[in-house]
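These notes are about the structure you will find just below.
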């Protein structure tokens, strides 16, 4: 469940002043505060499998790192925590600050949908727009209920839907040379 606030323009400093709560995630998109409860454990399982698969490939290839629920700080009024990201070693050196925060766009962002129209709109509309304007190269929207992954890639300065991969398919990416994963493995019960 996501709640938004209206009429107030939130900043990173405002969010930092809120009480820490491991069961609540605060994100800001264009100054709007989004408050999200901890996701369903199956959401976390799918995100964890995607992270583990990307992490394993990253360790073998040495080309980058995968991270689960990192904070992405694009600006004072745009801070989000996607489920999984992958960033190349070269890009990491450019965007990681001294505190370990990512102050720019990783190459790949993955969001696992939570049920509900507000949650889906956040990932399919608001975050798609944010990631597109910030320079993310590829964005996966993972629907664990429908068991499919929508793959958006950067074309002409924006993220465009290029494929929907289903249970019998393998997911690959031009960002990740040699990476391939059976989609069914990510949704296994």
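Numbering (the numbering used here), first residue to last: 377 to 565.
Even for Gly, the Cβ is constructed at its ideal location relative to N, Cα and C.
Using a Cβ-based criterion (distance less than 6 Å to any ligand heavy atom), does residue i qualify as near the ligand ADP?
i           : result
residue 418 : Judged by which ligands are present, the structure shown has none, so any question about the ligand ADP falls away.
Would you report the Cα separation of residue i and residue j, rounded to the nearest angstrom?
i           : j           : result
residue 378 : residue 499 : Residue confidence is low: residue 378 scores 49 on pLDDT, short of 50, so the model does not pin down where it sits. Its coordinate-derived value is still stated next. If you take the alpha carbons of residue 378 and residue 499, they lie about 11 Å apart.
residue 503 : residue 486 : 11 Å
residue 326 : residue 405 : As displayed, the chain neither begins before 377 nor continues past 565, which places residue 326 out of reach and without an answer.
residue 525 : residue 467 : 25 Å
residue 385 : residue 402 : 14 Å
residue 469 : residue 447 : 16 Å
residue 434 : residue 536 : 25 Å
residue 420 : residue 391 : 24 Å
residue 554 : residue 548 : 8 Å
residue 450 : residue 560 : 33 Å
Can you tell me which residues form a DSSP beta bridge with residue i?
i           : result
residue 519 : 524
residue 455 : 404, 449
Is the separation between the beta-carbon of residue i and that of residue j shorter than 7 Å?
i           : j           : result
residue 512 : residue 481 : yes
Given residue i, which residues of its chain have a CB within under 8 Å of its CB, disregarding the five upstream and five downstream residues?
i           : result
residue 471 : 463, 478, 479, 480, 481, 482
residue 418 : 520
Which residue wins for smallest C-alpha separation from residue i, given the options the options?
i           : options            : result
residue 484 : 440, 493, 403      : 440
residue 533 : 541, 510, 548, 547 : 510
residue 546 : 538, 537, 556, 562 : 556
residue 522 : 460, 437, 489, 412 : 489
residue 492 : 505, 475, 422, 413 : 413
Less than 6 Å between C-beta atoms, sequence neighbours within five positions excluded: which residues of the same chain meet that for residue i?
i           : result
residue 542 : 524
residue 529 : 514, 538
Output needed for residue i: all residues of its chain with C-beta closer than 7 Å, excluding positions within five of it in sequence on either side, in chain order.
i           : result
residue 430 : 442, 460, 462
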